[in-house]
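Novice: The structure that follows is given in the form of structure tokens.
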Amino acid sequence: MNLPKKVLVTGGAGFLGSHLCERLLNDSCEVLCVDNFFTGSRQNVLHLMDNPRFELLRHDITFPLYVHVDEIYNLACPASPIHYQNDPVMTTRVNVHGAINMLGLAKRVSAKIFQASTSEVYGDPEIHPQPESYWGHVNCVGPRSCYDEGKRCAETLFFDYYREHGLKIKVARIFNTYGPHMHPQDGRVVSNFIMQALRNEPITVYGDGSQTRSFCYVDDLVEGFIRLMNSSDEVTGPMNLGNPGEFTILELAEKVISIIGSSSKISFLDLPADDPKQRKPDITLAKEVLDWEPKIRLEQGLLKTIAYFDNLLSSS
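Under the UniProt record's numbering, the residue at position 10 of the sequence shown is numbered 10, and the numbers go up by one with no gaps.
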């Protein structure tokens with residue numbers, strides 16, 4: 001009789017983590033969801049609480065954790081500028097101390113460990129689209145550095161544990177992702193635009209709106225996570241996971257207004273410091289190694305995300 005795989009998801013009550021927990025349960029795993037609820041929410045995993053294979057633990061991974069698991073997905077970290085800049089020292093600590101603690105746990109129990117890194121390691125890129133071989137163009141003393149450099153340091157730690165201790169690691173660089181369970185006040189462009197359009201408020205576009213982003217629906221991203229974790233031990237990453245479909249911020253604003261039928265007008269504000277002008281993943285490696293690429297078109301994903309936020313507003 002095969003016992004179910006025991007999987008730890010840090011940041012499991014957050015946007016990405018809650019979707020990953022649900023997917024792992026659907027794959028018959030036992031899931032330990034760990035979150036300190038700085039940006040995560042019990043509401044995101046409330047529908048999982050009755051599942052006997054699901055456990056929720058309040059814990060901050062900047063402190064060690066002693067559990068026995070087969071796999072670890074390390075997603076714990078505030079991921080939007082408005083949240084990670086709220087307490088930048090804490091953001092650096094969760095990226096660095098948190099990574100050390102989770103790597104130490106993985107080493108103790110011989111678990112395979114996945115790091116949710118970010119496209120922010122590329123900074124404001126001078127190469128477009130961004131391949132994994134690009135070393136980035138990052139300001140190490142700017143207001144976004146706590147996140148950008150924290151994630152870069154975490155990648156360093158993962159590969160040092162891999163080289164020094166033979167740890168089984170997987171490092172994914174996540175590009176802009178959206179979908180249900182996003183925090184309504186996270187300051188990210190998709191949630192901002194949807195909330196403003198649903199309320200018929202002015203939609204705030206920074207700069208002239210010509211900067212580009214690539215938007216991946218959360219179900220596609222989680223599929224990439226699972227495939228990377230289940231790949232052979234020789235596949236360590238870093239690997240880009242995101243949707244290479246590229247849109248200007250202005251195009252996104254106009255699309256959201258059109259889908260909702262909102263009376264919102266667009267309001268232009270100054271561009272924040274170190275805001276990348278272009279962001280698009282080169283996913284050649286993921287296609288070749290994982291046979292993975294996003295399937296859900298932007299309009300399809302926006303319809304599901306808008307329905308989620310609309311329900312959130314009507315029930316508040």
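All C-beta atoms in this analysis are idealised placements derived from N, C-alpha and C, irrespective of residue type, glycine included.
(1) Determine the burial state of ARG213: buried for a count of at least 16 other Cβ atoms within 10 Å of its Cβ, exposed for fewer.
(2) Can you tell me where the alpha helix (DSSP H) holding THR156 begins and where it ends?
(3) For PRO131, which residues from the same chain have a beta carbon less than 6 angstroms from its beta carbon, with the 5 sequence-adjacent residues on both sides left out?
(4) So what's GLY11 in DSSP terms, helix, strand or just coil?
(5) Assuming ILE113 and ILE72 form a contact by the criterion Cβ under 8 angstroms, report the distance between their Cβ atoms to the nearest whole angstrom.
(6) Are GLN115 and ILE169 close, meaning C-beta to C-beta below 8 angstroms?
(7) Cα-Cα, which of ASN2, ALA286, PRO180 is closest to GLU30?
(8) Quick one: Cα of GLU251 to Cα of SER258, how far?
(9) Thinking C-beta only, is SER117 closer than 8 angstroms to GLU164?
(10) Tell me the DSSP secondary structure of PHE54 in three-state form.
(11) Ordered along the chain, which non-local residues of its own chain (more than five positions away) have a Cβ less than 7 angstroms from that of LEU313?
(12) Less than 6 angstroms between C-beta atoms, sequence neighbours within five positions excluded: which residues of the same chain meet that for TYR178?
(13) Under the DSSP definition of a beta bridge, which residues are partnered with GLY187?
(14) Using C-beta distances below 8 angstroms, list every residue in its chain close to PRO125, excluding the 5 sequence neighbours before and after it, in chain order.
(15) Under the assumption that GLN211 contacts ILE266 (Cβ atoms under 8 angstroms), give the Cβ distance between them as a whole number of angstroms.
(16) In terms of residues, what are the limits of the alpha helix (DSSP H) holding MET49?
(17) Starting from PHE247, follow its DSSP beta bridges and name the residues at the other end.
(18) What are the boundary residues of the alpha helix (DSSP H) that includes VAL89?
(19) From this set, GLY11, LEU8, GLY17, which residue's C-alpha is nearest GLU223's C-alpha?
(20) Buried or exposed, going by whether 16 or more other CB atoms sit within 10 Å of the CB of MET239?
(21) Do CYS21 and GLY12 have their C-beta atoms closer together than 8 angstroms?
(22) Between PRO294 and TYR217, is the Cβ-Cβ spacing less than 8 angstroms?
(23) By DSSP, does ASN139 sit in helix, in strand, or in coil?
(24) Do you know how far the Cα of PHE15 is from the Cα of GLY40?
Specialist: Checking against the coordinates, here is how it stands:
(1) Flag for ARG213 reads buried.
(2) Segment 145-165, the alpha helix (DSSP H) holding THR156.
(3) Scanning its chain for C-beta atoms nearer than 6 angstroms, with the 5 sequence neighbours on each side dropped, one finds around PRO131 the residues ASP282, in chain order.
(4) Three-state result, GLY11: coil.
(5) About 4 angstroms; that satisfies the 8 angstroms criterion.
(6) Inclusion of GLN115 and ILE169 in the CB contact set at 8 angstroms is warranted, their separation being smaller than that value.
(7) When only C-alpha atoms are compared, the closest one is ASN2.
(8) The C-alpha of GLU251 lies about 10 angstroms from the C-alpha of SER258.
(9) Taking the C-beta atoms as reference points, SER117 is found no nearer than 8 angstroms to GLU164.
(10) It is a strand residue.
(11) Excluding positions up to five away in sequence, the list reads LEU198.
(12) Contacts found: VAL190, PHE215, THR305.
(13) DSSP lists no partner for GLY187.
(14) Closer than 8 angstroms at Cβ, skipping near neighbours: TYR134, GLY136, HIS137, PRO276, GLN278, ARG279.
(15) In this structure GLN211 is not in contact with ILE266, their Cβ atoms being roughly 14 angstroms apart against a cut-off of 8 angstroms.
(16) Annotation for MET49: no alpha helix (DSSP H) segment contains it, and DSSP assigns it neither H nor E.
(17) According to DSSP, which records beta bridges pairwise, PHE247 is partnered with ARG213.
(18) Where VAL89 is concerned, the enclosing alpha helix (DSSP H) stretches over 88-109.
(19) Relative to GLU223, the option among GLY11, LEU8, GLY17 whose CA is nearest is GLY17.
(20) MET239 should be labelled buried.
(21) Going by C-beta atoms, CYS21 is nearer than 8 angstroms to GLY12.
(22) In this structure, TYR217 lies closer than 8 angstroms to PRO294 by Cβ.
(23) Assignment of ASN139 by DSSP, reduced to helix, strand and coil, places it in the coil class.
(24) Their Cα atoms are separated by approximately 7 angstroms.
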